[in-house]
Each structure stands twice: as structure tokens, then as C-alpha cells.
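In UniProt numbering, the protein residues as written are 1 to 776. Where a beta carbon is used, it is the ideal one built from N, C-alpha and C, also for glycine. Below is one structure, written out as C-alpha cells; the observations come after it.
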């Protein structure tokens, strides 16, 4: 519930005054914690405490990007950061880790969260279906305990959601589109506002702000194009009716995203371990292979195996380049890498696949309830389950190939050690293990395939690269870890059971297409199979967004004509204050809107559940002749508006004294209760209304009559470009005209002991550790 306390402006006290060192583009308070997020022109995001203690500093994801918007997720320790290339990051404020990332099709112009006020009850059957995994699934193994290249990230934390309350991230772009993301992850709407209003697409169109009603039935949009500011009311019945279903799908989607991110990191660790194998082999073997004629490597080694004779080049390589000591070191290093790869496949990768299986099975069960989920997801999870099963088969296949590679390398290096000792005319050791006949057969097959990759058909665009860098084809695992079909698929069906099963499937089409039987794509690599799973996952969860997008309807519009000079198009060089600000009023079930139309005019509006609008205009007109309080102030003008609470509007004002040719900045907390008494209702219409200065039925109020002397405060140094307020925290931040200085005010002005009280206990002590590491 919004804080309705209005602080005493006489007690307003400045608590800090800091120079940032670079221009500030965005400034946002957290409503639930004593944290201030600052976006700079360098694309960095600074997180500061109320007492100006630095928590962390986040660089941009790419060089040259700028922060467009910052939005704190309600009830959670997550923050959404939008950049000018359309990238949006969800960041965990405790660890500074990236939780999720997605992109939109244009420059971001606004971002906001809308959350429901009711939490899904714990005894609800849908709630149990999406939270039971904590009881049945084992914890994901810590990757850093197996692979030294992995980051120490704990994927078992549900850092995407702590309260089962549906919240939606609303993202507006400069192309007139709005993207809706449940939890900031699940797409649940993509609305082209310009097309819905029948307006031709224009590069100057911009979504200035947007807000959803608490029941998610209405989407209220502030649209700007040409010289007009537009208040557009859209309505959606699907999101309103199935909000509980969207919540459950968003929870399941986030859980699977968490597991699939873990799977991505596991495969990356396997690839890095494989690259270590390649590096070790390249250091010793590649230079020799490049100097030999094509097809001669296998012949030389097989001749050495069968007849114990070697070519001069091979003998020189074994005695001078490889050496006995180098062979031992190479063999040990490669074996350790294979052991690491096998551990990553057997524990983390298998566990992640089982987790995805569990979530897909529960999702498939949820979708059988057509009443709740049939509208949102019309396609069952069969394709996803089959792709996940195929990935499990491919992971098992990779495990067998790693086993064979370990065996073949061990035999190969043991045999080479005997050969080198014999070539050096030294006597073998007494405890030297002998090579059995079966191992000789394995070794013969291994040596016979040295040049097999070169003999395969190679495209013309890749032939030159292979010819310029020929090497021993010792390694069979690497073909599974590239986004290409397998060069040498393993022999399938050698065992009698496998052969009979494969023959049975080939003879029965109904079995091959049975959803319960997972296909084995023999020619696909592990990376390709994993990519196929992610594509089907995205295709599956794109359905709710398409359904909800198609259901949006235009209900009402209000066009506010303004001078082009007073418009507020975003400029890359200097950020500007917003013209719109929104807040939901939970008690009255309305959405409040304040629009700074021009420096002399502010429009206040209420949007009702039936899409009706009530409006009133506040203007700085002539000062009342009977009131002498404002004589020394000069002429006041509007600079920026932002809701402090549902009953209070905070305003940044500029005062200009024509006689003395000077100006000053004032801060005003405007009580909205008397303003709402002058609201005049405009009924919903099917056409756009144009609100001009002489619009009939729009009441006007002289702003001077609403100002209480105690609520108007002259800002320090008469310097203020934009403000950020938090009614729950009772704080305000002011950015100077230079955009490089930030002043923080305590609106209560309480004692020092009270100032020390904050909700820092809500944040893990890791924030303190992050602060110390940054300062160090």
C-alpha cells in the first residue's frame, strides 16, 4: 500500500552533497530499501546507500552504451537496467550478478513495474504445482568445485522471485511499441500503439511512460509524437482474466530459465576443458602433422605398430620433439582434462537435464487443465520433452565417447613410451605393463583414424583452413562441442540390444513418432542438440505473449496539444525531465496521471476501470492580489513532476524574476485532495479527443492558490535539473544543472539516531562485502 504520509517541509534536511564526476542520465530510488541507483552518460550504473556509501558499480554490457532507464522490481532485490541499444539486464543487487537479459527492437524510452497486491495462497493447487520442485529435486552441483574456470554462482537460489505476486515489467521504445514481461522474463505482450491508433509509423514517436492497473486490465500509455502528448487507454481481457495462470507460467518459466542457464555454463566449462586438451596436443603434435604428406600419418604409425619400424621423420619427432618426459606430461594433462569433462557430464549436465525433465513434466500436467491454460498455451509440451530426451541421449553418447577416448589415449601413450624407450636403446622397466591383444586392436583402430577427418568431404570455403592447419586427428570428443554435425558419429547398434531396438524403430513408423519415445539424432553434436532445445523452449513460451498482444483494444485517448519547444524528446547529449508520471491508487482503484504540458501548465487526470477519464488543469496564472507571499519569489514555472504518494505530487519548479533577471529552483509537495475535487469526467469515446486550451468542461486551477507556504522550499544554490523521490522512504535526490552533482534530502528531517534506521537488514551482508571490495 502506498504511503499516504505527507512530511513537514519545514523539517526537510540535506543529508549529502556529492559530485559524481560524470553526467547523470537516470536517477531512481528503491521504494523498499535505502538504495539509490544512478545511471551515467558513460553507461555505468552506481548503487549508493542513503548515507552515500558505495555498494557497487556496474559497467555497460558493451562499450559506448548509455543507460536509458532504471526500474526497481517491487518486493524483490532485483533491478532492471535498459540501454540505448535495446538491451535490458536484470541484476541481483546483492551479488551484482546478471539474472536475465533480453533485447527489444529499438531504443528504450521508459521502463516501469506494475505489481498485483495479492499473493497466490500457499494452499492453491497451482501454487503447489510450481513450488514442489524444492521438495523433489536435488540441488544443482556447484560448478566451481569441478571446473576451475567456472564462476562461484549458486543456481539453487530462486533469486527471480521471493513472493508469489505477479509483477510485469513494462518497456516502452522510441518506435511506439510496448513490451510486457512477467517477472521481467516471460513475454506476455508486444503492443504497437501507433498501429493501434491508426497513426503512420514515425521515427519521432516515443512512448514516454506506461502503467498497468493493479488488476492488469488496463494499460495506460503516455505517447508523444510530433507536437502532441497523448494519453492512451488500452484494455486487455486475457491478462485480466488469466493473471493467476500467467503467474504460474512465469514461475515455471523462470525456474526453467535458471536451470537452462546452469546448463549453458556447464557446457561452457566442458568446452573450456576440451580446448585445454587441444592446446596440449597442439603444443607437441601439430607442427609434425603439418609437415607430413596427406594420409601418411596413419600409415607411419601403423607400420611402427605392425613391423616395429619407423620413418626417419617419425623417429626424429619421437626422440627430439616429443621425448619420454614430454610424453608423460602430455598424457597426464590430457587424462586430467578428460576426467574433468566426464565429471561435468555425469554430475552437473545430467542433473540439469533431469531438472528440466521434471519442470517440463509438471508443465505438461498443468497444460492439461485447459480451463486455466488452454487460452495461453495451445501447444502441449511434447516437442520440448522430446528435445530434452534427445539431449539426454546425446549426453550419454558423449560420456561413452569420453570413456573411449580416455581408453585409447592411455593405450596410445603407454605404447609410445615403450617405443621411445626401445628407440633410445634402453632396457624397459621391470614393472612396465604389457599391452594385451585386445588393447592392440583398440590401438590399431585408433591409429587408423588419424587422417580420417581429412578424407571426409570438406566444403571449398573450409578446405584451405584445414590444409593450412593439419594435425593429428586424435580427438573424438571435440566434434560434440561445436555447432556443426558430427564428422565421425560413433558406431551405433554394435551391441545386440541396440541393434534390435534400432531395427524395430526403423520398421515401425508409429513407434518412431510416439511422443513417449525420444528420438536419437545421430549426426547432431551436443551443442546443436542443446540449441534445438533452447529454440523449442523459446517457441513454447512465446505463445502467451502472442495471445495477450492480440487481445489489446483501444478504449480511450486524450490528445494534448503542446508547442514543439516544450516537448521533451530525449537528447543524447543532455537528459531531460519526464513530462508524464503515473501511480496506482489501490483504495480508489484508479490510476493517477500528471502531465507537464508546458512550463505554465500541468494536467492532472484519473483513469477509471471503465476507461473513463477525469481531468483538471493546473496553471500558474496571475498571482492573487490579496496574497503577498509570492511577491519576492518571481514567476513560477513547472520543470518536472513525480508522484510522492497517492495523495501528494512532488514538483520541481523554476522561479524567474524579470526585474532582477535572476532565477531560482523550488521544490513543492502538492496536496492532491483539493485538486481531485475539481476533476471533470470525460466519458470513453471511440475517437481521439483533442484537449486544447479552450476545451469545454476542463476546469482550470490557479496553482498559486494550491501552494501552502510550508510546502514550498528553495533548493540550495538555486540549482536543480531533475529530481527523484521516494514516498515510502521519505527521501528526495536533486541533480544539478551541470548533471554532475547529486544532493540527497531527508524529508522528515529527523534526529541523527532516526537517520541511521533503514531497511538494510533486508539485504544480505554481501552488499557490505561488495562495498569493501570496491573501496579496496
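Residue i in three-state terms, based on DSSP
| i | result |
| --- | --- |
| residue 400 | helix |
| residue 516 | coil |
| residue 615 | strand |
| residue 453 | With a pLDDT of 43 at residue 453, under the threshold of 50, the modelled position of that residue is not reliable, and the figure given next carries that caveat. Three-state DSSP puts residue 453 in a helix. |
| residue 554 | strand |
| residue 16 | strand |
| residue 187 | strand |
| residue 634 | coil |
| residue 161 | coil |
| residue 351 | helix |
| residue 326 | helix |
| residue 845 | Any property of residue 845 remains undetermined from this structure, which presents the chain solely from 1 to 776. |
| residue 118 | coil |
| residue 521 | coil |
| residue 496 | For residue 496, the predicted structure reports a pLDDT of 49, less than 50, and the residue's modelled location is therefore unreliable. The matter cannot be settled from this model. |
| residue 746 | strand |
| residue 340 | helix |
| residue 78 | strand |
| residue 100 | strand |
| residue 437 | helix |
| residue 473 | Low local confidence applies: a pLDDT of 49 at residue 473 is under 50, so the model's placement there is unreliable, and no value is given. |
| residue 488 | coil |
| residue 112 | strand |
| residue 368 | coil |
Where residue i falls, given that 16 or more other Cβ within 10 Å makes a residue buried
| i | result |
| --- | --- |
| residue 696 | The predicted model places residue 696 with a pLDDT of 43, which falls under 50 and marks its position as unreliable; any figure quoted below should be read in that light. Per the 10 Å Cβ criterion, exposed. |
| residue 154 | exposed |
| residue 604 | buried |
| residue 253 | buried |
| residue 620 | buried |
| residue 101 | exposed |
| residue 172 | buried |
| residue 307 | exposed |
| residue 727 | buried |
| residue 666 | buried |
| residue 524 | buried |
| residue 19 | exposed |
| residue 746 | buried |
| residue 544 | buried |
| residue 493 | For residue 493, the predicted model reports a pLDDT of 45, less than 50, meaning its position is unreliable; a value from the coordinates is still stated below. Answer is exposed; the Cβ neighbour count stays below 16. |
| residue 784 | Summary: the structure shown does not reach residue 784, with the chain confined to residues 1 through 776, and so no result is reported for it. |
| residue 359 | buried |
Start-to-end residues for the alpha helix (DSSP H) that takes in residue i
| i | result |
| --- | --- |
| residue 313 | 312-316 |
| residue 66 | Residue 66 -> no alpha helix (DSSP H), and no H or E assigned at all. |
| residue 376 | Per DSSP, residue 376 belongs to no alpha helix (DSSP H) and is neither H nor E. |
| residue 541 | 526-541 |
| residue 195 | 193-197 |
Which residues DSSP lists as bridging residue i, in chain order
| i | result |
| --- | --- |
| residue 393 | Answer by DSSP bridge pairing: none, since residue 393 is not bridged. |
| residue 507 | Its beta-bridge partners do not exist; DSSP assigns none. |
| residue 666 | 653, 714 |
| residue 580 | 595 |
| residue 54 | 48 |
| residue 648 | 645, 671 |
| residue 731 | 726, 746 |
| residue 777 | This structure does not reach residue 777, given that the chain is present from 1 up to 776, and the question cannot be answered. |
Limits of the beta strand (DSSP E) - the one that residue i falls within
| i | result |
| --- | --- |
| residue 232 | 228-235 |
| residue 711 | Here residue 711 belongs to no beta strand (DSSP E), and DSSP marks it neither H nor E. |
| residue 174 | Segment: none, residue 174 is in no beta strand (DSSP E) and carries neither H nor E. |
| residue 151 | Looking at the DSSP string, residue 151 is not in any beta strand (DSSP E), and its letter there is neither H nor E. |
| residue 309 | Unbroken run through residue 309: none, as it is neither H nor E. |
| residue 211 | 206-212 |
| residue 605 | 601-607 |
| residue 219 | 218-225 |
| residue 106 | That residue, residue 106, is in no beta strand (DSSP E); it is neither H nor E in DSSP. |
| residue 28 | 24-29 |
| residue 40 | 35-40 |
### Query
Contact between the segment 588-606 and the segment 635-642: three or more CB pairs below 8 Å?
Cβ pair count under 8 Å is three or more, so yes.
### Query
Taking contact to mean at least 3 C-beta pairs separated by less than 8 Å, is the segment 203-210 in contact with the segment 513-525?
no
#### Entry: Stretch-stretch touch, CB-based, cutoff 8 Å, three pairs: the segment 179-187 with the segment 240-252
yes
### Any 3 or more C-beta pairs closer than 8 Å across the segment 523-541 and the segment 368-384
yes
### Query
When the Cβ atoms of the segment 72-85 are set against those of the segment 23-40, are three or more pairs found closer than 8 Å?
yes
### Query
How about the segment 20-30 and the segment 729-737: do they share at least three Cβ pairs that are nearer than 8 Å?
yes
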